[in-house]
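S.K.:
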Amino acid sequence: MIIQLPEHVKNIIETLERAGYEAYAVGGCVRDSLLGRIPNDWDITTSADPYQVKALFPRTFDTGIQHGTVTVLMDHVGYEVTTYRIDGKYEDGRHPTEVLFTRNLEEDLLRRDFTINAMAYNESRGLVDIFGGIKDMEEGIIRCVGDPYARFEEDALRLLRAVRFAAQLSYSIEEETRKAMKALAPNLRKISAERIMVELVKMIVSPNPSMLREAYACGLTAEFLPEFDSIMEMKQNNPHHCYTVGEHTIKAMEQVPAEKELRLAMLFHDMGKPSCKTVDEEGIDHFYGHPEKSEEMAGKILSRLRFDNETKTRVCRLVRYHDERIEGGEKYMRRAIARIGAEYFPEIFSVWVGDILAQSDYKRDEKLSRVKQNRMDYESIMEKRQCISRDTLAVKGGELIQAGMKPGKEIGEVLNRMLEEVIENPERNDKEYLLEKYCPGYKN
2 MIIQLPEHVK NIIETLERAG YEAYAVGGCV RDSLLGRIPN DWDITTSADP
52 YQVKALFPRT FDTGIQHGTV TVLMDHVGYE VTTYRIDGKY EDGRHPTEVL
102 FTRNLEEDLL RRDFTINAMA YNESRGLVDI FGGIKDMEEG IIRCVGDPYA
152 RFEEDALRLL RAVRFAAQLS YSIEEETRKA MKALAPNLRK ISAERIMVEL
202 VKMIVSPNPS MLREAYACGL TAEFLPEFDS IMEMKQNNPH HCYTVGEHTI
252 KAMEQVPAEK ELRLAMLFHD MGKPSCKTVD EEGIDHFYGH PEKSEEMAGK
302 ILSRLRFDNE TKTRVCRLVR YHDERIEGGE KYMRRAIARI GAEYFPEIFS
352 VWVGDILAQS DYKRDEKLSR VKQNRMDYES IMEKRQCISR DTLAVKGGEL
402 IQAGMKPGKE IGEVLNRMLE EVIENPERND KEYLLEKYCP GYKN
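Numbering (my numbering), first residue to last: 2 to 445.
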């Protein structure tokens, strides 16, 4: 098999080889190249120690020299070059306490997580695939290098990485690897929330967010997202639903574009249902107030997983209004935009449609027709540039002050009254009209 190496990578490998060392492209860049994908970055492994690497290249900096890694700069682009190494004990379930350099490529590849990430390549030797990575790629499976229990004991984050790679590549997880994941799931408690957050996002924005079901089955979500386990186990006896809350959630995620905030919104949109469940006299389940409860829970979970404030704000807002039902007509849509926030449109339409498509077919056409009309109303409002917020109001706070009003709370109250009128009657978004009506004594 031939991989087209970038010129800089070839240059680094050939420089090391001319000096008498071994060097290979290794890991994810080899995997992605074999899959026909463009690698995000290129890592190089070598038998040279870090100081020998530094002596061969004019521009380097120490990335993690104690672990054998030096970054080589080529035309202002950095390439990590790491010495073959054997990792010492992993006492914290994430990082080795020490590393030992080796001259043996196989020993270096043996410490890597999965077979598909344990291949190396250079143009002089070709592909080095000691552990069957090609075969596993052909069969579409994620399998640990060597003993899966040892690999997961070394680094518990690999538990989530296994599911994430399966989701991204549409692979399944090999049975022995899966057994080890189930046995060692509690080790995830050793991993920081930030690391878990990164893997979760990569998983849910993949082509297969349904692999979250595998994370649940292996006991992983119980460690970092127990709220998901609660909804996976909750049935919905209601004509609008044909799945458990959790299965509905997974299917809703599949129905929206692969964007972080949309997928997160669908993940959290029904989290509040278990605490809101009531049963009526006919035995039908209801979940009154679950959007507000789900919004509250989403905020706490996003904070716990160390998401940034902007993501938290946007996701919580989409969760809060995921169950809105807007009557047809531009007036009702203007009210909805003002209430929900113009910045959450048109994403909210994706949320509504995703939620509907993950329900039973009971009244589905009627629901979709309503959203279609809402979208048409929204597009018409945008095309006409009608006022939908204080930002688009013809009068600003400074103009009220110029018109004689004193700065303070009353300014906001007046602007809100103006907005209410203009939302009902867009043609009244006229500066002179509004100032004359709401500012006694105003003179043009």
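C-beta: ideal position from N, C-alpha, C; glycine also.
Computed from a predicted structure; not experimentally measured.
#1: May I have a chain-ordered list of the alpha helix (DSSP H) segments no shorter than 4 residues that lie completely inside the segment 176-223?
#2: Residue 350 lies in the alpha helix (DSSP H); which residues open and close that run?
#3: For a test of the three-state rule: what should DSSP assign to residue 80, helix, strand or coil?
#4: Answer with buried or exposed for residue 164, where buried requires no fewer than 16 other C-beta atoms within 10 angstroms of its C-beta.
#5: In angstroms with no decimal places, state the Cα-to-Cα distance between residue 111 and residue 279.
#6: Can you list, in chain order, the residues of its chain with a C-beta nearer than 6 Å to that of residue 358? Leave out the 5 residues immediately preceding and following it.
#7: Is the distance from the Cβ of residue 172 to the Cβ of residue 141 below 9 Å?
#8: Confirm, please, whether the CB-CB distance from residue 298 to residue 272 is below 9 Å.
#9: State the beta-bridge partners of residue 45 as determined by DSSP.
#10: Can you give me the start and stop residues for the alpha helix (DSSP H) that residue 417 sits inside?
#11: Going by Cα to Cα distance, which pick from 305, 283, 126 is closest to residue 18?
#12: Which residues mark the beginning and the end of the beta strand (DSSP E) in which residue 71 is found?
#13: For the candidate residues 311, 402, 388, whose alpha-carbon lies nearest to that of residue 431?
#14: Would you give the residue range spanned by the alpha helix (DSSP H) that residue 168 belongs to?
#15: Look at the alpha carbon of residue 234 and the alpha carbon of residue 225, and state the distance between them as a whole number of angstroms.
#16: Enumerated in chain order, which unbroken segments of the beta strand (DSSP E) with a length of 3 residues or greater are wholly contained in the segment 247-309?
#17: Which word fits residue 249, buried or exposed, when buried means at least 16 other C-beta atoms lie within 10 angstroms of its C-beta?
#18: Measuring CA to CA, which of 211, 202, 122, 276 is closest to residue 262?
#19: Roughly how many angstroms separate the alpha carbons of residue 260 and residue 206, rounded to a whole number?
#20: At a cut of 8 Å, does the segment 374-384 reach the segment 323-339 through at least three beta carbon pairs?
#21: If we ignore side chains and look at the alpha-carbon of each, how far apart do residue 438 and residue 169 end up?
#22: Which value, in whole angstroms, describes the spacing of the CA atoms of residue 153 and residue 239?
#23: Please confirm if the segment 180-190 is in contact with the segment 212-220, defined as three or more CB-CB distances below 8 Å between the two stretches.
#24: In the DSSP output, which residue or residues are listed as bridge partners for residue 128?
#25: Report the residue from 403, 199, 317 whose alpha carbon sits nearest the alpha carbon of residue 307.
#26: Would you mind reading off the limits of the beta strand (DSSP E) that contains residue 21?
#27: Quick one: Cα of residue 356 to Cα of residue 323, how far?
#28: On the DSSP letters alone, give me the boundaries of the beta strand (DSSP E) that residue 62 sits inside.
#29: Measuring alpha carbon to alpha carbon, tell me which of 243, 411, 349, 337 ends up nearest residue 365.
#30: Assuming residue 31 and residue 120 make a contact with CB atoms under 8 Å, what is their CB distance in whole Å?
#31: Drop a sphere of 10 angstroms on the beta-carbon of residue 204, count the other beta-carbons inside from all chains shown, and report buried for 16 or more, exposed for fewer.
#32: Please confirm whether any heavy atom of the ligand MN lies closer than 8 Å to the CB of residue 307.
#33: Please look up how many angstroms separate the CB atoms of residue 174 and residue 215, rounded, as I've assumed it's under 8 Å.
#34: Quick check on the DSSP output: the alpha helix (DSSP H) that includes residue 435 runs from which residue to which?
#35: Do the segment 416-432 and the segment 385-401 make contact, defined as three or more Cβ pairs closer than 8 Å?
#36: Mapping the DSSP letters down to three states, classify residue 54 as helix, strand or coil.
M.R.: Walking through what the data contain:
#1: 176-185, 194-205, 213-218
#2: Stepping through the sequence shown from its first residue, residue 350 is reached at position 349. From DSSP, the alpha helix (DSSP H) with residue 350 extends over 348-358.
#3: As a working note, residue 80 is residue 79 in the sequence shown. It is a strand residue.
#4: Working through the sequence shown from its first residue, we reach residue 164 at position 163. Answer is buried; the Cβ neighbour count reaches 16.
#5: In the sequence shown, counting from the first residue as 1, residue 111 sits at position 110. In the sequence shown, counting from the first residue as 1, residue 279 sits at position 278. If you take the alpha carbons of residue 111 and residue 279, they lie about 54 Å apart.
#6: Locating residue 358 in the sequence shown gives position 357, where the first residue counts as 1. Excluding sequence positions up to five before and after residue 358, its CB lies within less than 6 Å of the CB of 256, all in the same chain and listed in chain order.
#7: Residue 172 sits at position 171 when you count from the first residue of the sequence shown. Residue 141 sits at position 140 when you count from the first residue of the sequence shown. Contact: yes.
#8: To locate residue 272, count along the sequence shown from 1; it is residue 271. To locate residue 298, count along the sequence shown from 1; it is residue 297. For residue 272 and residue 298, yes; Cβs fall inside 9 Å.
#9: By one-based count along the sequence shown, residue 45 stands at place 44. DSSP, once it has assigned bridges, lists 26, 82 as partnering residue 45.
#10: As a first step, residue 417 must be located in the sequence shown, where it is residue number 416. Membership of residue 417 in the alpha helix (DSSP H) is indicated by the continuous run 410-425.
#11: Counting from one through the sequence shown, the residue named residue 18 turns up at place 17. Residue 18 has its Cα closest to that of 126, out of 305, 283, 126.
#12: Translated into positions along the sequence shown, residue 71 becomes position 70. Where residue 71 is concerned, the enclosing beta strand (DSSP E) starts and stops at 70-75.
#13: The residue you call residue 431 lines up with position 430 of the sequence shown. Here the closest residue by C-alpha is 388.
#14: As a working mapping, residue 168 is identified with position 167 in the sequence shown. Run containing residue 168: 158-170, per the alpha helix (DSSP H) assignment.
#15: For the purposes of this step, residue 234 is taken as the residue at position 233 of the sequence shown. For the purposes of this step, residue 225 is taken as the residue at position 224 of the sequence shown. Each residue's Cα considered, the two are about 17 Å apart.
#16: none
#17: As a working mapping, residue 249 is identified with position 248 in the sequence shown. With 16 or more other Cβ atoms within 10 Å, it is buried.
#18: Along the sequence shown, one-based indexing puts residue 262 at 261. Among 211, 202, 122, 276, the Cα nearest to that of residue 262 is on 202.
#19: To locate residue 260, count along the sequence shown from 1; it is residue 259. To locate residue 206, count along the sequence shown from 1; it is residue 205. Near 6 Å, if we compare the C-alpha coordinates of residue 206 and residue 260.
#20: Three or more beta-carbon pairs drawn from the segment 374-384 and the segment 323-339 are found closer than 8 Å, and the two stretches are therefore classed as touching.
#21: The residue you call residue 438 lines up with position 437 of the sequence shown. The residue you call residue 169 lines up with position 168 of the sequence shown. In this model, residue 438 and residue 169 are separated by some 59 Å (Cα to Cα).
#22: Here residue 153 is taken as the residue at index 152 of the sequence shown, counted from 1. Here residue 239 is taken as the residue at index 238 of the sequence shown, counted from 1. C-alpha separation (whole angstroms): 42 Å.
#23: Yes, the segment 180-190 touches the segment 212-220.
#24: Mapped onto the sequence shown, residue 128 falls at position 127. Paired residues: 122.
#25: Within the sequence shown, the letter at position 306 stands for residue 307. The candidate whose alpha carbon is nearest that of residue 307 is 199.
#26: Position 20 of the sequence shown, counted from the start, is the residue given in the question as residue 21. Residue 21 -> no beta strand (DSSP E), and no H or E assigned at all.
#27: Here residue 356 refers to the residue found at position 355 when the sequence shown is read from its first residue. Here residue 323 refers to the residue found at position 322 when the sequence shown is read from its first residue. Approximately 8 Å, taken between the alpha carbons.
#28: The residue you call residue 62 lines up with position 61 of the sequence shown. Residues 61-65.
#29: Here residue 365 refers to the residue found at position 364 when the sequence shown is read from its first residue. Taking only the C-alpha atoms, the option nearest residue 365 is 243.
#30: As a first step, residue 31 is located in the sequence shown; it is residue number 30 there, counting from the start. As a first step, residue 120 is located in the sequence shown; it is residue number 119 there, counting from the start. That pair is a contact at about 5 Å.
#31: Taking the first residue of the sequence shown as position 1, residue 204 is located at position 203. Residue 204 comes out buried.
#32: With respect to the ligand MN, the structure shown offers nothing to examine, as it has no ligands at all.
#33: Taking the sequence shown and counting its residues from 1, the one referred to as residue 174 is at position 173. Taking the sequence shown and counting its residues from 1, the one referred to as residue 215 is at position 214. With 8 Å as the limit, residue 174 and residue 215 qualify as a contact, their Cβ atoms being about 7 Å apart.
#34: For the purposes of this step, residue 435 is taken as the residue at position 434 of the sequence shown. Unbroken alpha helix (DSSP H) run through residue 435: 432-439.
#35: yes
#36: Start at 1 with the first residue of the sequence shown, and residue 54 comes out as number 53. Three-state DSSP puts residue 54 in a helix.
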